[in-house]
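**Student:** Pasting a structure below so you can have a look.
There are 4 protein chains.
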Amino acid sequence: MKILVTGFDPFAGAQQNPAWEAVSRLPQQLGRATIVSLQVPTIFNRSAAIVHAAIQRERPDVVVSVGQAGGRSALSLERVAINLDDARIADNAGQAPHDQPIQLAGATAYFTQLPVKAMRTAIRQAGVPAQLSTTAGIFVCNHLMYQVQYQRATEFSTLKAGFIHIPYLPSQVVDRPGVPSLALTEAVKGLTAALSVL
Amino acid sequence: MKILVTGFDPFAGAQQNPAWEAVSRLPQQLGRATIVSLQVPTIFNRSAAIVHAAIQRERPDVVVSVGQAGGRSALSLERVAINLDDARIADNAGQAPHDQPIQLAGATAYFTQLPVKAMRTAIRQAGVPAQLSTTAGIFVCNHLMYQVQYQRATEFSTLKAGFIHIPYLPSQVVDRPGVPSLALTEAVKGLTAALSVL
Amino acid sequence: MKILVTGFDPFAGAQQNPAWEAVSRLPQQLGRATIVSLQVPTIFNRSAAIVHAAIQRERPDVVVSVGQAGGRSALSLERVAINLDDARIADNAGQAPHDQPIQLAGATAYFTQLPVKAMRTAIRQAGVPAQLSTTAGIFVCNHLMYQVQYQRATEFSTLKAGFIHIPYLPSQVVDRPGVPSLALTEAVKGLTAALSVL
Amino acid sequence: MKILVTGFDPFAGAQQNPAWEAVSRLPQQLGRATIVSLQVPTIFNRSAAIVHAAIQRERPDVVVSVGQAGGRSALSLERVAINLDDARIADNAGQAPHDQPIQLAGATAYFTQLPVKAMRTAIRQAGVPAQLSTTAGIFVCNHLMYQVQYQRATEFSTLKAGFIHIPYLPSQVVDRPGVPSLALTEAVKGLTAALSVL
Numbered sequence: 009m010k011i012l013v014t015g016f017d018p019f020a021g022a023q024q025n026p027a028w029e030a031v032s033r034l035p036q037q038l039g040r041a042t043i044v045s046l047q048v049p050t051i052f053n054r055s056a057a058i059v060h061a062a063i064q065r066e067r068p069d070v071v072v073s074v075g076q077a078g079g080r081s082a083l084s085l086e087r088v089a090i091n092l093d094d095a096r097i098a099d100n101a102g103q104a105p106h107d108q109p110i111q112l113a114g115a116t117a118y119f120t121q122l123p124v125k126a127m128r129t130a131i132r133q134a135g136v137p138a139q140l141s142t143t144a145g146i147f148v149c150n151h152l153m154y155q156v157q158y159q160r161a162t163e164f165s166t167l168k169a170g171f172i173h174i175p176y177l178p179s180q181v182v183d184r185p186g187v188p189s190l191a192l193t194e195a196v197k198g199l200t201a202a203l204s205v206l
Numbered sequence: 009m010k011i012l013v014t015g016f017d018p019f020a021g022a023q024q025n026p027a028w029e030a031v032s033r034l035p036q037q038l039g040r041a042t043i044v045s046l047q048v049p050t051i052f053n054r055s056a057a058i059v060h061a062a063i064q065r066e067r068p069d070v071v072v073s074v075g076q077a078g079g080r081s082a083l084s085l086e087r088v089a090i091n092l093d094d095a096r097i098a099d100n101a102g103q104a105p106h107d108q109p110i111q112l113a114g115a116t117a118y119f120t121q122l123p124v125k126a127m128r129t130a131i132r133q134a135g136v137p138a139q140l141s142t143t144a145g146i147f148v149c150n151h152l153m154y155q156v157q158y159q160r161a162t163e164f165s166t167l168k169a170g171f172i173h174i175p176y177l178p179s180q181v182v183d184r185p186g187v188p189s190l191a192l193t194e195a196v197k198g199l200t201a202a203l204s205v206l
Numbered sequence: 009m010k011i012l013v014t015g016f017d018p019f020a021g022a023q024q025n026p027a028w029e030a031v032s033r034l035p036q037q038l039g040r041a042t043i044v045s046l047q048v049p050t051i052f053n054r055s056a057a058i059v060h061a062a063i064q065r066e067r068p069d070v071v072v073s074v075g076q077a078g079g080r081s082a083l084s085l086e087r088v089a090i091n092l093d094d095a096r097i098a099d100n101a102g103q104a105p106h107d108q109p110i111q112l113a114g115a116t117a118y119f120t121q122l123p124v125k126a127m128r129t130a131i132r133q134a135g136v137p138a139q140l141s142t143t144a145g146i147f148v149c150n151h152l153m154y155q156v157q158y159q160r161a162t163e164f165s166t167l168k169a170g171f172i173h174i175p176y177l178p179s180q181v182v183d184r185p186g187v188p189s190l191a192l193t194e195a196v197k198g199l200t201a202a203l204s205v206l
Numbered sequence: 009m010k011i012l013v014t015g016f017d018p019f020a021g022a023q024q025n026p027a028w029e030a031v032s033r034l035p036q037q038l039g040r041a042t043i044v045s046l047q048v049p050t051i052f053n054r055s056a057a058i059v060h061a062a063i064q065r066e067r068p069d070v071v072v073s074v075g076q077a078g079g080r081s082a083l084s085l086e087r088v089a090i091n092l093d094d095a096r097i098a099d100n101a102g103q104a105p106h107d108q109p110i111q112l113a114g115a116t117a118y119f120t121q122l123p124v125k126a127m128r129t130a131i132r133q134a135g136v137p138a139q140l141s142t143t144a145g146i147f148v149c150n151h152l153m154y155q156v157q158y159q160r161a162t163e164f165s166t167l168k169a170g171f172i173h174i175p176y177l178p179s180q181v182v183d184r185p186g187v188p189s190l191a192l193t194e195a196v197k198g199l200t201a202a203l204s205v206l
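For the protein sequence lines, the chains are A, B, C and D, in the order given.
Those letters in the first sequence? Residues 9 to 206, by my numbering.
Those letters in the second sequence? Residues 9 to 206, by my numbering.
Those letters in the third sequence? Residues 9 to 206, by my numbering.
Those letters in the fourth sequence? Residues 9 to 206, by my numbering.
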């Protein structure tokens with residue numbers, strides 16, 4: 009089995025994105041699964057185009073995209089992506105679409121094909137906090153999750169895909185006392201546990 | 009310089025206390041300072057008696073006590089201890105004093121002698137979230153911080169002493185999604201940075 | 009214009025549901041709009057059947073359903089309902105469906121037809137905190153929002169419908185210090201402001 | 009019995025301070041107690057001088073000071089004031105003292121004389137969220153609480169005094185979704201209940 013794991017690059021002026029930091033530290037082999045890591049830009053459409061090219065090139069069985077969810081305290085396994093872009097801040101190309109559908113011909117939403125409850129159990133057994141989530145937001149994270157599902161619906165029918173949000177790194181919240189974080193080692197441990205059940 | 013660092017044992021049914029987990033992983037030598045680690049029981053009075061004996065035995069220049077502050081997301085440098093025990097749960101000896109002064113002849117409160125703002129800066133520079141706090145609570149943490157100050161006021165006048173609260177470990181909140189945590193490696197890194205400025 | 013506003017009854021052992029408390033205090037006439045209030049039981053399917061009967065009977069132009077979102081601090085205007093029941097607690101008929109689609113032939117999700125951004129502005133101008141939300145959860149609130157949209161899609165094509173979540177009442181959190189609440193007068197004021205823009 | 013209740017004026021650019029809004033709406037007579045309301049400026053020292061003059065003029069049996077605690081969700085009955093000013097923002101006279109004792113000859117801290125547990129019970133029975141607190145902060149609220157206690161210790165030995173913090177008003181958090189608030193009617197109801205047990 010081959011798993012493509014994508015992680016976003018830093019955005020909104022940050023020096024790091026915990027998503028790529030964690031994804032780039034995953035092992036290349038996990039049991040019988042091969043893991044291919046891919047950095048994607050925090051840019052509407054372009055992130056999706058890059059993942060599309062990687063799916064064509066790598067032919068993975070599963071795509072797991074990883075993004076930062078600032079303010080959450082646990083790994084969040086996303087259950088659904090919705091057909092809506094509505095950005096409060098600009099992406100890394102300066103775009104901030106408002107109330108736009110992602111795909112005019114797409115479904116209103118797509119559910120993930122990942123076994124999110126088994127993944128949640130595995131992450132928790134690894135000692136890392138985990139939760140299910142029913143919203144991936146309305147920024148680039150939801151956009152990419154939706155787009156990969158749309159690609160699956162229209163081109164790659166056997167693909168399984170999903171999205172995992174991870175908290176800020178401790179170094180991102182050093183002077184924001186009320187804001188939770190998760191150490192990089194914990195994020196990597198949790199992601200690894202989640203991928204192990206695939 | 010010799011620094012006595014105390015960490016509480018698990019309480020309220022927990023398997024671990026991040027305080028002792030972190031304290032027991034501190035280096036024994038830090039620059040020119042010698043660090044002596046000491047586990048103390050989460051018990052009113054008895055914790056203070058054990059630290060008192062250790063101060064007599066070890067003659068440290070500084071005592072830093074460390075305890076768990078479940079629900080906080082950053083290392084908290086306590087500024088003040090108050091002369092009040094008012095427990096909502098029992099300590100590890102089954103005691104739950106209500107509205108009791110800790111020392112009838114003691115001051116209403118004692119401020120720490122630790123350079124808490126310099127310690128906060130050092131912790132943050134190490135990439136770990138940190139804050140000052142003006143309440144160590146009204147359970148065994150505040151009790152021990154107060155008692156060591158009282159010992160200082162009455163017996164060990166050259167001693168410097170203080171208290172640092174640390175968040176839950178990730179493994180303690182695996183199924184409590186909204187509750188923040190801090191990895192053990194981060195807590196150790198933060199404590200080490202804090203001790204480095206002494 | 010006629011607006012049907014539904015509010016759930018108490019559940020999970022509570023004495024009150026702020027949803028019905030607020031809905032039952034709405035004026036019957038608001039500008040040129042007639043408001044019809046309807047209590048619905050916190051029961052999967054049955055809540056939807058009762059609203060379906062009310063739509064047939066009252067022929068409203070708009071249906072606004074209101075439910076409690078314990079833990080949120082602002083009125084939440086829901087943007088989307090998803091085709092998923094996954095209850096952590098039993099509804100008022102003892103049902104707790106897990107990982108079930110609501111309608112086998114339904115869309116994966118439906119977006120609201122309500123002008124949620126204009127409603128948000130109106131609520132805030134009335135001095136009441138308001139936010140948009142992209143998840144109505146996976147319990148009876150999302151279920152009813154989804155079902156009314158399904159009824160719209162299959163039967164009542166000119167209907168506009170949506171969902172508003174309101175926080176706990178202060179009396180529900182008297183001894184839960186960290187949990188936010190909203191006074192009933194504020195909730196009524198906010199709902200009234202929201203309905204005024206329809 | 010005469011109760012002097014003080015409430016701060018707006019600060020940090022705000023249009024309102026919920027403290028004065030609530031205090032100014034208290035009844036003038038409550039059972040056998042006469043209530044005298046007094047607005048005080050959010051200014052170090054000057055707030056204390058104004059309350060001192062009012063104590064001399066009115067000769068109250070009890071002084072209850074009320075201030076805003078932005079971010080808290082419940083009425084907070086303060087148990088202790090500490091001898092420390094350490095402002096992060098300027099007061100209404102542009103002063104921002106750092107690490108200063110309030111009274112060089114004062115105690116490290118003073119406990120309140122108010123029956124805070126009975127007051128907590130009374131507030132909750134009135135349906136309003138309430139908690140005890142062991143920190144009134146290090147800004148003007150703690151300053152005034154401390155200064156009134158110092159006046160008591162040095163001049164007005166029979167006086168009872170204390171401090172109650174109240175959350176933001178809903179209108180102050182209309183566009184800050186995660187920040188809790190409490191309606192003015194609830195704050196007035198809670199304060200009235202608290203004063204009723206004196």
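Note that the Cβ used here is the ideal one computed from N, Cα and C, for glycine as well.
#1: Taking the alpha-carbon of asparagine 25/D as reference, which of Pro35/D, Arg96/D and Thr50/D has the nearest alpha-carbon?
#2: Using a beta-carbon distance cut-off of less than 7 Å, what residues from the region 132–158 of chain B approach chain A?
#3: With DSSP as the reference, label leucine 34/D as helix, strand or coil.
#4: Would you check if the region 191–200 of chain B and the region 90–104 of chain B touch, i.e. whether three or more CB-CB distances between them fall below 8 Å?
#5: Quick check: is the beta carbon of alanine 161/A nearer than 8 Å to any beta carbon in chain C?
#6: Over what stretch of residues does the alpha helix (DSSP H) that includes serine 189/A continue unbroken?
#7: For isoleucine 146/B and leucine 12/C, I'd like the C-alpha separation in whole angstroms.
#8: Can you round the beta-carbon distance between isoleucine 172/D and glutamate 86/D to whole angstroms, since I take them to be within the 8 Å contact cut?
#9: Nearest to alanine 104/D by CA position, among Gln111/D, Ile110/D and Ala95/D, is which residue?
#10: Under 8 Å Cβ-Cβ, which residues of chain C neighbour valine 88/A?
#11: Hey, alanine 138/B and leucine 206/B: beta-carbon distance below 8 Å or not?
#12: Run the CB neighbour count on threonine 200/A, radius 10 Å, all protein chains shown included, and call it buried at 16 or more, exposed below.
#13: Any idea what DSSP makes of serine 45/A, helix, strand or coil?
#14: From which residue to which residue does the beta strand (DSSP E) around threonine 14/D run?
#15: Looking at the structure shown, is serine 179/D part of a helix, part of a strand, or coil, going by DSSP?
#16: So is glutamate 163/C buried or exposed if we call it buried at 16+ other beta carbons inside 10 Å?
#17: With a threshold of 8 Å between beta carbons, is proline 18/D in contact with chain C?
#18: Identify each residue in the region 179–202 of chain A for which the Cβ-Cβ distance to at least one residue of chain B is less than 8 Å, and report them in chain order.
#19: Based on DSSP bridge pairs, tell me the residues matched to alanine 89/D.
#20: Looking only at C-alpha atoms, which of Val88/D, Ala134/D and Ile63/D sits nearest to threonine 116/D?
#21: At which residue ranges does the region 122–171 of chain A contain complete beta strand (DSSP E) runs of 3 or more residues, listed in the order of the chain?
#22: Check whether the Cβ of serine 5/D lies closer than 8 Å to any Cβ atom in chain C.
#23: Within the 8 Å Cβ cut-off, does alanine 82/A reach chain B?
#24: Taking only the alpha-carbon atoms, compute the straight-line gap between proline 109/B and leucine 46/D and give it to the nearest angstrom.
#25: Does the region 112–131 of chain A touch the region 151–159 of chain A, meaning 3 or more C-beta pairs lie closer than 8 Å?
#26: With 16 other CB atoms within 10 Å as the buried threshold, where does glutamine 133/A fall?
#27: I need the DSSP call for leucine 83/B, collapsed to helix, strand or coil.
#28: With a Cβ-Cβ cutoff of 8 Å, do glycine 170/C and valine 182/D count as a contact?
#29: Here's the rule: buried if 16 or more other CB atoms are within 10 angstroms of the residue's CB, otherwise exposed. What is glycine 198/A?
#30: Suppose contacts are defined by Cβ-Cβ distances below 8 Å. Is alanine 27/B in contact with glutamine 76/B by that definition?
#31: Tell me, to the nearest whole angstrom, how far the beta carbon of proline 185/A is from that of proline 188/B; I am working on the premise that it is less than 8 Å.
#32: Is histidine 173/A helix, strand or coil by DSSP?
**Tutor:** The short version:
#1: Answer by Cα proximity: Thr50/D.
#2: Interface annotation for the region 132–158 of chain B against chain A: Arg132, Gly135, Val136, Pro137, Ala138 and Gln139, criterion Cβ-Cβ distance under 7 Å.
#3: Residue state, collapsed to three classes: coil.
#4: Contact between the region 90–104 of chain B and the region 191–200 of chain B is absent, because fewer than three Cβ pairs lie under 8 Å.
#5: With respect to chain C, the C-beta atom of alanine 161/A has no partner C-beta closer than 8 Å.
#6: For serine 189/A, there is no enclosing alpha helix (DSSP H), as DSSP marks it with neither H nor E.
#7: Between the alpha carbons of isoleucine 146/B and leucine 12/C lies a distance of about 51 Å.
#8: Yes, isoleucine 172/D and glutamate 86/D are in contact; Cβ-Cβ is about 7 Å, under 8 Å.
#9: When each option's Cα is compared against that of alanine 104/D, the closest is Ala95/D.
#10: Identification of chain C residues near valine 88/A by a Cβ-Cβ cut-off of 8 Å yields Ile90, Leu92, Thr116 and Ala117, ordered along the chain.
#11: No, Cβ-Cβ distance for alanine 138/B and leucine 206/B is not below 8 Å.
#12: So threonine 200/A ends up on the buried side.
#13: Looking at serine 45/A - three-state DSSP - the assignment turns out to be strand.
#14: Per DSSP, threonine 14/D belongs to the beta strand (DSSP E) from 10–16.
#15: Residue state, collapsed to three classes: helix.
#16: Result: exposed.
#17: With 8 Å as the cut-off, proline 18/D does not count as an interface residue toward chain C.
#18: Against chain B - using a Cβ distance shorter than 8 Å - the residues of the region 179–202 of chain A are Ser179, Val181, Val182, Asp183, Arg184, Pro185, Gly186, Val187, Pro188, Ser189, Leu190, Ala191, Thr193 and Glu194.
#19: According to DSSP, which records beta bridges pairwise, alanine 89/D is partnered with Tyr118/D.
#20: When each option's Cα is compared against that of threonine 116/D, the closest is Val88/D.
#21: Within the region 122–171 of chain A, the complete beta strand (DSSP E) runs of at least 3 residues are 138–141.
#22: Chain D is shown only over 9 to 206; residue 5/D falls outside these bounds and no answer can be derived.
#23: Closer than 8 Å: yes.
#24: Proline 109/B and leucine 46/D have their C-alpha atoms spaced approximately 33 Å apart.
#25: The region 151–159 of chain A and the region 112–131 of chain A touch, with no fewer than 3 CB-CB distances between them shorter than 8 Å.
#26: Around the Cβ of glutamine 133/A, a 10 Å sphere holds fewer than 16 other Cβ atoms; the residue is exposed.
#27: Leucine 83/B: strand per DSSP, three-state reduction.
#28: Taking 8 Å as the Cβ cut-off, glycine 170/C and valine 182/D do not qualify as a contacting pair.
#29: With 16 or more Cβ atoms within 10 Å of its Cβ, glycine 198/A is classed as buried.
#30: A contact, by the Cβ cut-off of 8 Å.
#31: Actually they are not in contact, since the Cβ atoms of proline 185/A and proline 188/B sit about 10 Å apart, beyond 8 Å.
#32: Three-state DSSP puts histidine 173/A in a strand.
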